[in-house]
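For reference, the structure is listed below as structure tokens.
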Amino acid sequence: MIMEESLLIEKAANGDLDAFNQLVLTYQSLAFNLAYRIMADEAAAADATQDAVISMYRKLDSYRGGSFKAWFLRIVTNACYDELRKQKRRPTVTLEPETEDGDPMDSPEWIADKSPGLEEAMMNTQLEKAIQDCLNRLNEKHRVVMVMVDVSGEDYETVAEVIQSPVGTVKSRLSRARLKMQECLQSARELLPDQFRLNNEEDDD
Amino acid sequence: MIRQENVTSRDLELLNVALDHALTPQEQVEFNRRLSECPYLTTLYQEQRHLKDTMAQLPCRKVPHNFTLTRAEARKAKRATFLQPMFGWASAISALLVAVIFGSELIFRNVSLPAPMSSESPQVFSVQEDTETALAPEEAASMLTVASEPIYLLNWGYGATGMGGIGGKGGGGDGLVDSGGFSVNISISPEAAYAEDIPLDMAGAGEMIEGMGLEGMIEETPMEDLSEVYPEETMLEEEPLMPETVMSTPVPVEREAPKIYGINPETVGTILKVTPDSSTPQTDQLREAQASAAENSESKAIVPTQLQIGLLAAAIIFGLIWLILKLRR
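Keeping their order, the protein sequence lines are chains R and L. Following the working numbering, the numbering of the first sequence begins with 398 at its first residue and continues without gaps. Following the working numbering, the numbering of the second sequence begins with 791 at its first residue and continues without gaps.
So this is what it looks like as structure tokens:
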């Protein structure tokens, strides 16, 4: 697999577009999901991923070995930061449907969900939404580390390579991010299903 | 009630590593001991474990489309990669050239500038002192007697950059070459001057006139009175009383006595004309000198002005293109 990857990288660096596209296909899902968790918006995540792919094509000559995945994910996170900066400069209005009171309508995605039960699907959707909301409240740097470790399942070394910081920095950011996430989810525990109510109920008694 | 303050930063560090299953055996022992000691840490660990598991189970989003590049997109991406640094380098090189040219021009001009003329005191110039360009006595006499233009006796000014500053030679005439400064020319009109026969060499006559005129004391200089002003011994042996450029020793010659001009006491001190340099009458020779000086200054420019402006414009335009390309990426 690694041999095949280094061969593809070499070919891509020599201008072989097919080899390059094969690398893209290998990592595009990982890249898009990372971007989606950072951006919390599918269209923006798609833009960031596409920018990252183009950027990778341009910079392929400068790749000097090491973990290709970490190198590509670094480009993706940088593209996300750029996209977030653009969004801050040009705030957008959501196109999601709203109720008559002006509140955003619940996403109808669960209706199309192929999961076994309607209730479970709704619960998953609520949970995912709550988690994503809390992720969005995190500092960008904390968010990237938490998404990469807890959502994408990357190890500390890979994350350290992506954010170009020591492993100790990864650990400390992760620790703070987890605590903040927990606090955030506790504040919204009424919205969560019973099994996801994290706070110890006895503490309040 | 569980006390939160029992949890230390070391506990939190171990907790996070434990969540990622990265504890060493020693750390695992330490962490287990802490869990048994601190119920709050145990609760926190359970909650964090739950959160981590939940996040790991978040559904994986399906990519909306493949992010592969077409041949056209790849070409466009490469072209943009090539263009941006190209314009960046072009802008930098143009700016560097402009800086070098302007710098060298500045240094060159500073080096070639003559020493500025003193403006503190007026400078006295003789009418004609240079023996090489001195007129023959007959010619000088005839010119003086038929002179219709004012005779310049005194000239001073500042900001002069021409020949007038060179040792005072050439007097007011050379001072006229100056440009851009201010000068005062004091002259006597032919009507104010009158001639007197005196056996002097005409090459020195003019200087005598000037020296006397400035002092404003002598209206005519008969031959017999000269011995009082310039005793014979002084005239022959001692150093001149005034600088050589102003006063030279008159030497009697055995020729037809030329005429010398004196000053009419009624008109002494009258300033006939105070002119800025630009309005000073110029001779053809002076105009030619001015023209050649201008040509010289033009030819001294290392790079033509048009090229300098072009380079500056190129630096700005290339820089702007580079900036636009960078922002679009």
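Even glycine gets a Cβ: it sits at the ideal position worked out from N, Cα and C.
Applying the criterion that 16 or more other CB atoms from any shown protein chain within 10 Å of the CB defines a buried residue, is residue i buried or exposed?
| i | result |
| --- | --- |
| G897 of chain L | It is Ile, not Gly, that sits at residue 897 of chain L in the sequence shown. With fewer than 16 Cβ atoms within 10 Å of its Cβ, I897 of chain L is classed as exposed. |
| T474 of chain R | buried |
| A862 of chain L | exposed |
| W1112 of chain L | buried |
| N806 of chain L | buried |
| F429 of chain R | buried |
| L831 of chain L | buried |
| Q762 of chain L | Nothing in the structure corresponds to residue 762 of chain L, since chain L is present only between 791 and 1119. |
| H855 of chain L | exposed |
| I472 of chain R | buried |
| H811 of chain L | exposed |
| N822 of chain L | exposed |
| A445 of chain R | buried |
| Q816 of chain L | exposed |
| L1117 of chain L | exposed |
| E401 of chain R | exposed |
| A449 of chain R | buried |
| K866 of chain L | exposed |
| D843 of chain L | exposed |
| T522 of chain R | buried |
| S584 of chain R | exposed |
| S881 of chain L | buried |
What span of residues does the alpha helix (DSSP H) with residue i cover, start to end?
| i | result |
| --- | --- |
| L804 of chain L | 799 to 809 |
| Q847 of chain L | Careful: Q847 of chain L lies outside any alpha helix (DSSP H) and carries neither H nor E. |
| T555 of chain R | 553 to 560 |
| G565 of chain R | 564 to 584 |
| M453 of chain R | 439 to 456 |
| P854 of chain L | That residue, P854 of chain L, is in no alpha helix (DSSP H); it is neither H nor E in DSSP. |
| T474 of chain R | 465 to 486 |
| D415 of chain R | 414 to 436 |
| E817 of chain L | 815 to 827 |
| E537 of chain R | 537 to 543 |
Does residue i have its Cβ less than 9 Å from a Cβ in chain R?
| i | result |
| --- | --- |
| E827 of chain L | no |
| R861 of chain L | yes |
| E803 of chain L | yes |
| N806 of chain L | yes |
| Q816 of chain L | no |
| K842 of chain L | yes |
| F821 of chain L | no |
| L1113 of chain L | no |
| L809 of chain L | yes |
| L848 of chain L | yes |
| M845 of chain L | yes |
| R851 of chain L | yes |
| T798 of chain L | no |
Measuring only between beta-carbons, confirm whether residue i sits less than 9 Å from chain L.
| i | result |
| --- | --- |
| F429 of chain R | yes |
| K568 of chain R | yes |
| V546 of chain R | yes |
| M543 of chain R | yes |
| L405 of chain R | no |
| V559 of chain R | no |
| D605 of chain R | No information on residue 605 of chain R is available, as it lies outside the stretch 398 to 602 that chain R covers here. |
| Q523 of chain R | no |
| R455 of chain R | yes |
| T446 of chain R | yes |
| Y478 of chain R | no |
| F465 of chain R | no |
| D438 of chain R | no |
| Y433 of chain R | yes |
| Q484 of chain R | no |
| R487 of chain R | no |
| A416 of chain R | no |
| Y460 of chain R | no |
*State whether the region 416 to 429 of chain R contacts the region 461 to 477 of chain R, with contact taken as three or more CB pairs (one from each stretch) at a distance under 8 Å.*
yes
_Quick check: the region 538 to 546 of chain R against the region 446 to 459 of chain R, are at least 3 beta-carbon pairs closer than 8 Å?_
no
*Count the C-beta pairs between the region 874 to 886 of chain L and the region 1099 to 1115 of chain L that are closer than 8 Å, then say yes if the count reaches three, no if not.*
yes
*Evaluate contact between the region 558 to 568 of chain R and the region 519 to 536 of chain R, counting only Cβ atoms and requiring at least three cross-stretch pairs below 8 Å.*
Using a C-beta cut-off of 8 Å, the region 558 to 568 of chain R makes no contact with the region 519 to 536 of chain R, since fewer than three inter-stretch Cβ pairs fall below that distance.
*When the Cβ atoms of the region 833 to 852 of chain L are set against those of the region 430 to 445 of chain R, are three or more pairs found closer than 8 Å?*
yes
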